[in-house]
Amino acid sequence: MKMVLVATIAVGVTGGLLAWKERPEPGADPLILLLAGQCWWSATLIFRIDAATLSSKVFWVDVSWIGVAIIPIAWLLFSLEYAGYTEYTARKHILLYSIVPAITVFLGLTSHSHQLLYTNSVIIQEHGIATLNRTPGVWFWIIAGYTYLLGLLGALPLLKLVTSQVDPFRGQSLALLLGLLAPWVTNVLFLRGSLPSAGVDPTPIAFAVSGLAYLGALTRFQLFGANPTPIRHARNSLFQQMQQGALVLDTHDHIVDMNDQATTALQTTPNEALGRPLEQISPDLSALGSATQAGQTIYRPQGASQSYDVSESLVTDIHDRTIGRVITLHDVSNLLRDQQRLEVLHRVFRHNIRTNVQVILGNAAYLATHNSESKAATLQEHAVEINELGEKVRSVIDIFEQSREERDTLSLNSILDECLDSTSEAYPEVTFEYAPEQTDFAVDCLFDVVCLNIIQNAAQHNTSPDPVVSIKVERDGEYVQVTVRDNGPGIDSNELALVEHGSETPLKHGSGFGLALVVWGTDIAGGTVDIESSETTGTTVSLRIPILSSG
Amino acid sequence: MPTDAQNPGKQPDIESVRNRSLITKLATLTRPVRNIFLYSSVYLAVIAMAEAVLVSELLALPLTPAPIVAGLLTFAVYGNDRLADLETDAKTSPARTAFVRRYQNGFYVLAAIAYGLAVALSALGGPISFGLSLLPGVCWILYACDWIPTLPSGTQRLKEVFLLNSTLVAVVWALVIVCLPITYVGAPASPAVGVVFLFFVLATFVNTEIPNVRDKEGDSEIGVRTLPVVVGVRWTKYILYGITGLTAVLLGVAFVANIINLREALVLLLSLLFLNGVIFCLNRTENDSALAVAAECTRLPAFVVVVFPLLGQ
Numbered sequence: 001m002k003m004v005l006v007a008t009i010a011v012g013v014t015g016g017l018l019a020w021k022e023r024p025e026p027g028a029d030p031l032i033l034l035l036a037g038q039c040w041w042s043a044t045l046i047f048r049i050d051a052a053t054l055s056s057k058v059f060w061v062d063v064s065w066i067g068v069a070i071i072p073i074a075w076l077l078f079s080l081e082y083a084g085y086t087e088y089t090a091r092k093h094i095l096l097y098s099i100v101p102a103i104t105v106f107l108g109l110t111s112h113s114h115q116l117l118y119t120n121s122v123i124i125q126e127h128g129i130a131t132l133n134r135t136p137g138v139w140f141w142i143i144a145g146y147t148y149l150l151g152l153l154g155a156l157p158l159l160k161l162v163t164s165q166v167d168p169f170r171g172q173s174l175a176l177l178l179g180l181l182a183p184w185v186t187n188v189l190f191l192r193g194s195l196p197s198a199g200v201d202p203t204p205i206a207f208a209v210s211g212l213a214y215l216g217a218l219t220r221f222q223l224f225g226a227n228p229t230p231i232r233h234a235r236n237s238l239f240q241q242m243q244q245g246a247l248v249l250d251t252h253d254h255i256v257d258m259n260d261q262a263t264t265a266l267q268t269t270p271n272e273a274l275g276r277p278l279e280q281i282s283p284d285l286s287a288l289g290s291a292t293q294a295g296q297t298i299y300r301p302q303g304a305s306q307s308y309d310v311s312e313s314l315v316t317d318i319h320d321r322t323i324g325r326v327i328t329l330h331d332v333s334n335l336l337r338d339q340q341r342l343e344v345l346h347r348v349f350r351h352n353i354r355t356n357v358q359v360i361l362g363n364a365a366y367l368a369t370h371n372s373e374s375k376a377a378t379l380q381e382h383a384v385e386i387n388e389l390g391e392k393v394r395s396v397i398d399i400f401e402q403s404r405e406e407r408d409t410l411s412l413n414s415i416l417d418e419c420l421d422s423t424s425e426a427y428p429e430v431t432f433e434y435a436p437e438q439t440d441f442a443v444d445c446l447f448d449v450v451c452l453n454i455i456q457n458a459a460q461h462n463t464s465p466d467p468v469v470s471i472k473v474e475r476d477g478e479y480v481q482v483t484v485r486d487n488g489p490g491i492d493s494n495e496l497a498l499v500e501h502g503s504e505t506p507l508k509h510g511s512g513f514g515l516a517l518v519v520w521g522t523d524i525a526g527g528t529v530d531i532e533s534s535e536t537t538g539t540t541v542s543l544r545i546p547i548l549s550s551g
Numbered sequence: 001m002p003t004d005a006q007n008p009g010k011q012p013d014i015e016s017v018r019n020r021s022l023i024t025k026l027a028t029l030t031r032p033v034r035n036i037f038l039y040s041s042v043y044l045a046v047i048a049m050a051e052a053v054l055v056s057e058l059l060a061l062p063l064t065p066a067p068i069v070a071g072l073l074t075f076a077v078y079g080n081d082r083l084a085d086l087e088t089d090a091k092t093s094p095a096r097t098a099f100v101r102r103y104q105n106g107f108y109v110l111a112a113i114a115y116g117l118a119v120a121l122s123a124l125g126g127p128i129s130f131g132l133s134l135l136p137g138v139c140w141i142l143y144a145c146d147w148i149p150t151l152p153s154g155t156q157r158l159k160e161v162f163l164l165n166s167t168l169v170a171v172v173w174a175l176v177i178v179c180l181p182i183t184y185v186g187a188p189a190s191p192a193v194g195v196v197f198l199f200f201v202l203a204t205f206v207n208t209e210i211p212n213v214r215d216k217e218g219d220s221e222i223g224v225r226t227l228p229v230v231v232g233v234r235w236t237k238y239i240l241y242g243i244t245g246l247t248a249v250l251l252g253v254a255f256v257a258n259i260i261n262l263r264e265a266l267v268l269l270l271s272l273l274f275l276n277g278v279i280f281c282l283n284r285t286e287n288d289s290a291l292a293v294a295a296e297c298t299r300l301p302a303f304v305v306v307v308f309p310l311l312g313q
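Quick mapping for you: the protein sequence lines, in order, are chains A and B. Here UniProt numbering is used: position 183 in the first sequence is 183, and no number is missing along the way. Here UniProt numbering is used: position 47 in the second sequence is 47, and no number is missing along the way.
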């Protein structure tokens, strides 16, 4: 018996040192603790066998509880850490698990003054060997039950891994369960009196088997080299960090889980939404219902500019029964906006081309039979318009392309200087008043096109006898305000509809692309544009541009 | 060394070439064994076993598994120490570091098995033996590892604390070598035990400081404060002579006070004589590594004197 216990200690210490090397891998610390408890239990058994008197034998049994009580806590923590249930291994949980074992150790060390652990201790002779016989007290059965309970709880996560698709995890969990089962069975047999162990609890000997199993898991199945700890966290993390919003509904359409993106999309909070029917939280999304099941559909929350592509997948259990569904919300606002802008671009382009071509064809037919300088000039003017239209379309497409790329920054002062230089050269009759900000700002390079179009439009369409365009730059917190004011006839209300309704409203026939470039370019670059126009006071365009850096 | 190719005019005789070839072959064959023996701390384990047997004989104790436990503990703890100091030892002991680095995984497993066996065997010697076997492991962790992450920054490893490092090593190994054979048989502590224990503490302290002379530059660079780093090599030698002298006085007083007999006193003095020889050679030879090994072996002559006559009986 003693030599078997010696082997148990050798295996335990060796396993503990091998586990020590693997720190801080999940499960390493509890495994060290478990093996230390097992070694202490085995050592005290050896000392108890060697002890000659009743009091010394009783002493070694009493102090053995230090190791015995550690084992179930260490086992549970090991299993939870290994299988990735680390939310149950916080300090408060460890303290909770340790209450009963701590009481047990205290009762063990003070057993001479009460009968809670043992009611009676005598030495009896068995086969000529003096052995200690102690009658278990009430607390003995409590700690025994508690040990079995923690053993069972620790086995549950491992049982789940036995069916894992990953080979090493199956091997590891089987080895670990075998390691649990050996001392468990031995202890049950000892408590039933079915083992001829001369009164000595052979459970720690069975831990030699555990030790070998753990060593096998360590070496053969790379216990700490490949472990399933991250799986649960990864799944949860994936759910939380996925770009799409995701809602988990039970069979009664109550929201049982949702990620941050879904919370934002539904304009709610987890506290408000979880546990409540989807219909209460978002009637619009709930109303999509069968339409969603049929395929995909678009969800637009009330009062929000975002649009979501909604898809749904059913959650089934191992019997293929539907136990809920997952609704995913994919933000397609940008996609829809770009699609709408392309449609507008396409419609206006076709309309303007058709108008110009019709004028050209009419004038060409006239010129075929007549000689008219004015008709020829008109024809030439419309041909130039087509050319300019082509340039504008190209600029718009450039802006769309740049919206998908990382863009450079430009100095706002240099942007405005260049715009003024080129426009004043093209329109020498216009007076330009420019009040630059002393501080220069770095801004998105898209504002180059935006500012050029604003200043050009202000000069080009200014029919005042004394045309004036004034430009003012002011800082407003993290933004810089560029105000371009002219004394022209104002902008047609049809064209202003584009600004008033954002990108949602198609341009009216007859519009050019200058204003579209201003509105879309500003939006893509993260700014805002505000246009005030009247036939008497002219037009004021206010650009609010985010400052990327100043200096 | 010039090769024959560089001296084409000189033809080596066939016999000398054959002899050289044989010596080279032998050296090649024995090099792995020599490397394992020296670099893996096996030789230290053998010396520890010899010392534990020497203590058993000097104190007239029956032979027990205690020397085996001492050997296994030595192998495990020194092996781990070499693994922990791979980076810092690269400068002071490049050949040993290269060997340990090459076999580090297997080396750790062997050290773990050795420690497991040592602790298990010590349990057979009773609770005090069991506790003694755990002591080197605990001290090794305290000595060599930054194992408590919550310690404030700037806290030193015990290995880096001046004098405490060598003293801790000396006391712990003296406890293992001297006390394990005693606790294993449950013999009572006697004044003779105290004298032998003090002898081993002082001699082990000297042993620990001798390799520090070789490692002076490396230790200084990594901030480990040892006697040679702090007081220089010359004063280190004076201090070590002083300690061996103090030990000799202790043995003399113990003999006069009839605590140890003449045979025991002479045997231990023989060890001191060899130890002084090693101290004398410090800074006088190129091969400092050999001196470190020689210092570890200074109790072997005493072992031979005490144990070999017993073999003939």
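We put the CB at the ideal spot given by N, CA and C, even for glycine.
Beta-ladder partner(s) of residue i, from DSSP
i                 : result
Asn433 of chain A : Residue 433 of chain A is actually Glu in this sequence, not Asn. Its beta-bridge partners are A:Ser470.
Glu401 of chain A : Bridge partners of Glu401 of chain A: none, in fact.
Met258 of chain A : A:Leu247
Leu329 of chain A : A:Gly245, A:Val310
Ile547 of chain A : According to DSSP, Ile547 of chain A bridges with nothing at all.
Cα-Cα separation, residue i to residue j
i                 : j                 : result
Ala112 of chain B : Thr14 of chain A  : 5 Å
Ser533 of chain A : Arg485 of chain A : 10 Å
Ser40 of chain B  : His112 of chain A : 49 Å
Leu389 of chain A : Ala246 of chain A : 44 Å
Pro157 of chain A : Leu77 of chain A  : 11 Å
Leu250 of chain B : Lys216 of chain B : 30 Å
Ser56 of chain A  : Asp50 of chain A  : 9 Å
Ile239 of chain B : Leu134 of chain B : 32 Å
His254 of chain A : Ile323 of chain A : 12 Å
Residue i - DSSP class collapsed to helix/strand/coil
i                 : result
Tyr241 of chain B : helix
Glu266 of chain A : Reading off the sequence shown, one finds Leu at residue 266 of chain A, where the question assumed Glu. Of the three classes helix, strand and coil, the one that applies to Leu266 of chain A here is coil, per DSSP.
Leu389 of chain A : helix
Ser374 of chain A : helix
Val224 of chain B : coil
Leu195 of chain A : coil
Asp288 of chain B : helix
Ala144 of chain A : helix
Ala123 of chain B : helix
Chain A contact for residue i (CB, 7 Å cutoff)
i                      : result
Val201 of chain B      : no
Leu110 of chain B      : no
Phe130 of chain B      : yes
Pro181 of chain B      : no
Arg299 of chain B      : no
Pro127 of chain B      : yes
residue 317 of chain B : Residue 317 of chain B lies beyond the residue range present for chain B, which begins at 1 and ends at 313; the question has no answer from this structure.
Ile113 of chain B      : yes
Any chain B beta carbon closer than 7 Å to residue i
i                      : result
residue 609 of chain A : It is not possible to answer for residue 609 of chain A, since the shown part of chain A is limited to 1 through 551.
Ile46 of chain A       : yes
Ile205 of chain A      : no
Thr14 of chain A       : yes
Arg544 of chain A      : no
Ile399 of chain A      : no
Val6 of chain A        : yes
Leu153 of chain A      : no
Of the residues the options, the one placed nearest residue i, counting alpha carbons only
i                 : options                                : result
Val171 of chain B : B:Leu22, B:Pro136, B:Val185            : B:Pro136
Asn187 of chain A : A:Val248, A:Ala144, A:Gly527           : A:Ala144
Ser422 of chain A : A:Glu406, A:Asp448, A:Glu437, A:Asp253 : A:Asp448
Leu275 of chain B : B:Phe205, B:Leu58, B:Leu262            : B:Phe205
Gly27 of chain A  : A:Ser173, A:Ala262, A:Glu272, A:Gln380 : A:Ser173
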